[in-house]
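Asker:
2 protein chains.
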Amino acid sequence: MHKRVLIVEDEASIRDMVAFALRKADMDVAQAADARAAEIAIADAPPDLILLDWMLPGMTGLELARRLRHDPRTAEVPIIMLTARGEEMDRVNGLEAGVDDYVVKPFSTRELIARIKAVLRRAQGDDGTGSVELGGLRIDGPAHRVFAGGTQIEIGPTEYRLLHFFMTHAERVYTRAQLLDHVWGGSVYVEERTVDVHIRRLRKTLEPFGLENLVQTVRGSGYRFSTSA
Amino acid sequence: MHKRVLIVEDEASIRDMVAFALRKADMDVAQAADARAAEIAIADAPPDLILLDWMLPGMTGLELARRLRHDPRTAEVPIIMLTARGEEMDRVNGLEAGVDDYVVKPFSTRELIARIKAVLRRAQGDDGTGSVELGGLRIDGPAHRVFAGGTQIEIGPTEYRLLHFFMTHAERVYTRAQLLDHVWGGSVYVEERTVDVHIRRLRKTLEPFGLENLVQTVRGSGYRFSTSA
DNA sequence: CGCAACATGACAGAGGCATGACAGCGCCGT
DNA sequence: ACGGCGCTGTCATGCCTCTGTCATGTTGCG
Numbered sequence: 643m644h645k646r647v648l649i650v651e652d653e654a655s656i657r658d659m660v661a662f663a664l665r666k667a668d669m670d671v672a673q674a675a676d677a678r679a680a681e682i683a684i685a686d687a688p689p690d691l692i693l694l695d696w697m698l699p700g701m702t703g704l705e706l707a708r709r710l711r712h713d714p715r716t717a718e719v720p721i722i723m724l725t726a727r728g729e730e731m732d733r734v735n736g737l738e739a740g741v742d743d744y745v746v747k748p749f750s751t752r753e754l755i756a757r758i759k760a761v762l763r764r765a766q767g768d769d770g771t772g773s774v775e776l777g778g779l780r781i782d783g784p785a786h787r788v789f790a791g792g793t794q795i796e797i798g799p800t801e802y803r804l805l806h807f808f809m810t811h812a813e814r815v816y817t818r819a820q821l822l823d824h825v826w827g828g829s830v831y832v833e834e835r836t837v838d839v840h841i842r843r844l845r846k847t848l849e850p851f852g853l854e855n856l857v858q859t860v861r862g863s864g865y866r867f868s869t870s871a
Numbered sequence: 643m644h645k646r647v648l649i650v651e652d653e654a655s656i657r658d659m660v661a662f663a664l665r666k667a668d669m670d671v672a673q674a675a676d677a678r679a680a681e682i683a684i685a686d687a688p689p690d691l692i693l694l695d696w697m698l699p700g701m702t703g704l705e706l707a708r709r710l711r712h713d714p715r716t717a718e719v720p721i722i723m724l725t726a727r728g729e730e731m732d733r734v735n736g737l738e739a740g741v742d743d744y745v746v747k748p749f750s751t752r753e754l755i756a757r758i759k760a761v762l763r764r765a766q767g768d769d770g771t772g773s774v775e776l777g778g779l780r781i782d783g784p785a786h787r788v789f790a791g792g793t794q795i796e797i798g799p800t801e802y803r804l805l806h807f808f809m810t811h812a813e814r815v816y817t818r819a820q821l822l823d824h825v826w827g828g829s830v831y832v833e834e835r836t837v838d839v840h841i842r843r844l845r846k847t848l849e850p851f852g853l854e855n856l857v858q859t860v861r862g863s864g865y866r867f868s869t870s871a
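Order-wise, the sequence lines are chains A and B.
Residues in the first sequence are numbered consecutively from 643, following the working numbering.
Residues in the second sequence are numbered consecutively from 643, following the working numbering.
(1) Closer than 8 angstroms, Cβ to Cβ, to anything on chain B: give me those residues from the region 810 to 841 of chain A, in chain order.
(2) So, for residue 736(A): in the same chain, excluding its five sequence neighbours on each side, which residues have a beta-carbon less than 7 angstroms away from its beta-carbon?
(3) Taking DSSP as the reference, what is the three-state secondary structure of residue 865(A)?
(4) Alpha carbon to alpha carbon, how far is residue 849(A) from residue 869(A)?
(5) Are the beta-carbon atoms of residue 664(B) and residue 694(B) separated by less than 8 angstroms?
(6) Mind checking which residues open and close the beta strand (DSSP E) that includes residue 797(B)?
(7) Ignore the nearest five residues each way along the sequence and tell me which others in residue 731(B)'s own chain have a CB closer than 7 angstroms to its CB.
(8) Within 8 angstroms (strictly less), CB to CB, does residue 785(B) reach chain A?
(9) Quick one: what does DSSP say residue 816(B) is sitting in, helix, strand or coil?
(10) Is there contact here, the region 647 to 663 of chain A with the region 672 to 692 of chain A, by at least three beta-carbon pairs under 8 angstroms?
(11) If residue 804(B) sits next to residue 825(B), beta carbons under 8 angstroms apart, how far is it from one beta carbon to the other, in whole angstroms?
(12) I'd like to know whether the C-beta of residue 726(B) is nearer than 8 angstroms to at least one C-beta of chain A.
(13) Between which residues of its own chain and residue 668(A) is the CB-CB distance below 7 angstroms, once the five residues before and five after are set aside?
(14) Closest Cβ-Cβ distance between residue 689(B) and chain A: below 8 angstroms?
(15) Residue 713(B) CB to nearest chain A CB: under 8 angstroms?
(16) Which same chain residues end up closer than 6 angstroms to residue 675(B) when comparing Cβ atoms and leaving out the 5 residues on each side of it in sequence?
(17) Where residue 775(A) and residue 783(A) are concerned, what is the direct C-alpha to C-alpha distance, given to the nearest angstrom?
(18) For a test of the three-state rule: what should DSSP assign to residue 693(A), helix, strand or coil?
(19) When DSSP labels each residue in this structure, what does residue 725(A) get in the three-state scheme?
(20) Identify which residue in 758(A), 778(A), 656(A) has its Cα closest to the Cα of residue 852(A).
(21) Since residue 837(A) contacts residue 821(A) with CB under 8 angstroms, what's their CB separation in whole angstroms?
(22) If we cut at 8 angstroms on Cβ distances, does residue 799(B) have a partner in chain A?
(23) Using the three-state DSSP reduction, which class does residue 645(B) fall into: helix, strand or coil?
(24) Roughly how far, in whole angstroms, is the beta-carbon of residue 753(A) from the beta-carbon of residue 764(B), given that I think they are within contact range, below 8 angstroms?
(25) Less than 8 angstroms between the beta carbons of residue 840(B) and residue 813(B), yes or no?
(26) Taking just the CA atoms, how far does residue 717(B) sit from residue 662(B)?
(27) In the DSSP assignment, what are the bridge partners of residue 674(A)?
(28) Exposed or buried, residue 655(B), counting other C-beta atoms within 10 Å across all chains shown (16 or more means buried)?
(29) Could you give the C-beta distance for residue 815(B) and residue 863(B), rounded to a whole number, given that I count them as a contact under 8 angstroms?
(30) Note down, in chain order, every chain B residue with its Cβ under 9 angstroms from the Cβ of residue 651(A).
(31) Check each candidate in 806(B), 697(B), 671(B) and name the one with the smallest Cα separation from residue 677(B).
(32) Helix, strand or coil for residue 779(A) per DSSP?
(33) Taking the straight line between their C-alpha atoms, what separation do you get for residue 721(B) and residue 666(B)?
(34) Which residues of the region 851 to 863 of chain A have a Cβ closer than 9 angstroms to any Cβ of chain B? Give them in chain order.
(35) Taking Cβ to Cβ, would you say residue 680(B) is nearer than 8 angstroms to residue 706(B)?
(36) If you measure from the beta carbon of residue 708(B) to each beta carbon in chain A, is any gap under 8 angstroms?
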């Protein structure tokens, strides 16, 4: 019931303040001061969400984020990064993806909690089974099947992962780089234009059901899954 | 333009130090040594933000915060509390009272000002997600969408960036050179007159909604986004 | 009135994206 | 082992939107 959140942050005062705020918001909190402690904490009890400081002793938060993404046990756990500067954020946002959201320091606890809840809500419907339903589409996670209305859709593996990611991250634009990170996995080298092709293939399979406009192009930015035109 | 900040703090040395730092950061400062003086100062000229010390003679800062929240005239004014180390349990109470943020003593003026700016920014509708709402317009940052009233607006990439910059920097005149720097990015060579054209295009997309007068010309200086005609 | 600053419309070029084709690859049954 | 077969990544092409610039009309100001 209560969501479990892991805070990875070296500065004790921030860590404590955030921990108090989260407990107040009915969340279970685990703390870690560095990457090593974080991995131990994760092995101990896997969290539902990870708060990751940008600057950590030894290993940067970004490196840790990558390692977590590569580990199948933590690949699906959403990550929110705490960054120091607003300027770095844009660059980070474009280049280094694999993170679900950013919060820029200094932040108020109120704002942080709002963002955490937003991310957890987004992952909702993915109640462990990996099933989602949205905009006339339904994904049956365990059965690895997709339905439009009542009828089943034939869909390839990559399009399946792409659609699943979109449905669990709707109403939000993702760059091609971000999609490559989330859908293909960070450790492959693939042309960004390849994303276009799979978007095309996904649209094509949705077309017979009139659902191809769920996948929308945002010129100059990327793609977006949205239930509103 | 200049934000008005009220400091409620009984220790004169801290009060003066903070006041000095705030004035240097282009803010108007009012001071009060206790709760009674604070209420007089607020009645005199309502501030945009209140800095509240935890320990006050007569009435604790927390009580005062509750009273301010209860009064409709001050309910919307953000509050930042100054707490001493080791009062963490009290933070929880502060959250209940609707305090917006905390700064733990001892603090650097730099950090304090950063927090103040963050809270003020949020009070203006910027919650850190890149979304803004102002003058009948709303930008959904993550979804990369613009709404006028309730309906969505079709807008090009450059006009989007231009509008976003304006909405996050309203009520202030920017020269064409400044707009080129902020919206186009510093490393491009573009005629200054090009700005005029994009201003024109932005106005044109706002025209159907009667919002074109949000973008105002300041002859001899540049352009300004303002909610007041 | 005359000048400078700005508004407006038109236009050609650039660049982003959609689309269809194709070759490599792994998988499977024969 | 061999030959289909489905899937994937890349490329070439064409379309279409956006963009910067110019020419011309309009406005404000001394």
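Ideal Cβ placement from N, Cα and C applies to all residues, glycine included.
Answerer: Inspection of the coordinates gives the following:
(1) For the region 810 to 841 of chain A, the set of residues with a beta-carbon nearer than 8 angstroms to any beta-carbon of chain B comprises 813, 814, 815, in chain order.
(2) On the first sequence, position 94 is the one that residue 736(A) refers to. Here residue 736(A) scores only 42 on pLDDT, less than 50, and its place in the model should not be relied on; the value that follows carries that caveat. Within the same chain, residue 736(A) has close Cβ partners 817, 819.
(3) One-based indexing of the first sequence puts residue 865(A) at position 223. Residue state, collapsed to three classes: strand.
(4) As a position in the first sequence, residue 849(A) is number 207, starting the count at 1. As a position in the first sequence, residue 869(A) is number 227, starting the count at 1. Going by the C-alpha atoms only, they are around 15 angstroms apart.
(5) Translated into positions along the second sequence, residue 664(B) becomes position 22. Translated into positions along the second sequence, residue 694(B) becomes position 52. Taking the C-beta atoms as reference points, residue 694(B) is found no nearer than 8 angstroms to residue 664(B).
(6) Numbered from its first residue, the second sequence carries residue 797(B) at position 155. Unbroken run through residue 797(B): none, as it is neither H nor E.
(7) Taking the second sequence and counting its residues from 1, the one referred to as residue 731(B) is at position 89. Residue placement at residue 731(B) cannot be trusted, given a pLDDT of 47 that sits under 50; what the coordinates show is reported in the next sentence. Within the same chain, residue 731(B) has no close Cβ partners at all.
(8) In the second sequence, residue 785(B) corresponds to position 143, counting from 1. Chain A, which has a Cβ nearer than 8 angstroms to the Cβ of residue 785(B), makes this yes.
(9) Mapped onto the second sequence, residue 816(B) falls at position 174. In the structure shown, residue 816(B) sits in a strand (DSSP, three-state: E or B).
(10) The region 647 to 663 of chain A and the region 672 to 692 of chain A touch, with no fewer than 3 CB-CB distances between them shorter than 8 angstroms.
(11) Looking up residue 804(B) in the second sequence gives position 162. Looking up residue 825(B) in the second sequence gives position 183. Confirmed, Cβ separation roughly 5 angstroms.
(12) Start at 1 with the first residue of the second sequence, and residue 726(B) comes out as number 84. No, residue 726(B) does not count as interfacial toward chain A.
(13) Looking up residue 668(A) in the first sequence gives position 26. For residue 668(A), where only same-chain residues beyond five positions count, the Cβ hits under 7 angstroms are 644.
(14) Locating residue 689(B) in the second sequence gives position 47, counting from the first residue. Not an interface residue.
(15) Numbered from its first residue, the second sequence carries residue 713(B) at position 71. Taking Cβ atoms only, chain A never reaches closer than 8 angstroms to residue 713(B), which makes this a no.
(16) For this step, residue 675(B) is matched to residue 33 along the second sequence. If we look at residue 675(B) and ignore the five residues flanking it on each side, its Cβ neighbours are 652.
(17) Within the first sequence, the letter at position 133 stands for residue 775(A). Within the first sequence, the letter at position 141 stands for residue 783(A). For residue 775(A) and residue 783(A), the distance between alpha carbons rounds to 11 angstroms.
(18) Residue numbering aside, residue 693(A) sits at position 51 when the first sequence is read from its first letter. DSSP, read as helix, strand or coil, puts residue 693(A) in strand.
(19) Here residue 725(A) is taken as the residue at index 83 of the first sequence, counted from 1. Residue state, collapsed to three classes: strand.
(20) The count along the first sequence starts at 1 and reaches residue 852(A) at position 210. With distances taken between Cα atoms, residue 852(A) lies closest to 778(A).
(21) Counted from its first residue, the first sequence places residue 837(A) at position 195. Counted from its first residue, the first sequence places residue 821(A) at position 179. About 5 angstroms separates the CB atoms of residue 837(A) and residue 821(A); that is less than 8 angstroms, so the two are in contact.
(22) Within the second sequence, the letter at position 157 stands for residue 799(B). Taking 8 angstroms as the CB threshold, residue 799(B) lines the interface with chain A.
(23) If you number the second sequence from 1, residue 645(B) lands on position 3. Under the three-state reduction of DSSP output, residue 645(B) falls in the strand class.
(24) On the first sequence, position 111 is the one that residue 753(A) refers to. On the second sequence, position 122 is the one that residue 764(B) refers to. 7 angstroms between Cβ atoms; contact.
(25) In the second sequence, counting from the first residue as 1, residue 840(B) sits at position 198. In the second sequence, counting from the first residue as 1, residue 813(B) sits at position 171. Cβ distance not < 8 angstroms, so residue 840(B) and residue 813(B) don't count as in contact.
(26) Here residue 662(B) refers to the residue found at position 20 of the second sequence. Here residue 717(B) refers to the residue found at position 75 of the second sequence. Straight-line spacing of the CA atoms in residue 662(B) and residue 717(B) works out to 27 angstroms.
(27) By one-based count along the first sequence, residue 674(A) stands at place 32. DSSP output for residue 674(A) lists 650(A) as bridge partner(s).
(28) Numbered from 1 along the second sequence, position 13 holds the residue referred to as residue 655(B). It counts as exposed.
(29) Here the question's residue 815(B) lines up with position 173 in the second sequence. Here the question's residue 863(B) lines up with position 221 in the second sequence. Going by Cβ atoms, the distance from residue 815(B) to residue 863(B) rounds to 5 angstroms, so yes, they are a contact pair.
(30) Locating residue 651(A) in the first sequence gives position 9, where the first residue counts as 1. Contact note: residue 651(A) does not reach chain B at a C-beta cutoff of 9 angstroms; the least C-beta distance is about 15 angstroms.
(31) Position 35 of the second sequence, counting from 1, holds the residue named residue 677(B). With distances taken between Cα atoms, residue 677(B) lies closest to 697(B).
(32) As a position in the first sequence, residue 779(A) is number 137, starting the count at 1. Of the three classes helix, strand and coil, the one that applies to residue 779(A) here is strand, per DSSP.
(33) If you number the second sequence from 1, residue 721(B) lands on position 79. If you number the second sequence from 1, residue 666(B) lands on position 24. The straight-line gap separating the alpha-carbon atoms of residue 721(B) and residue 666(B) is approximately 21 angstroms.
(34) Cβ contacts with chain B come from 860, 861, 862, 863.
(35) As a working note, residue 680(B) is residue 38 in the second sequence. As a working note, residue 706(B) is residue 64 in the second sequence. Yes, the pair counts as a contact, with Cβ atoms nearer than the cut-off.
(36) Translated into the one-based positions of the second sequence, residue 708(B) becomes position 66. No, residue 708(B) lies away from the interface with chain A (no Cβ there is under 8 angstroms from its Cβ).
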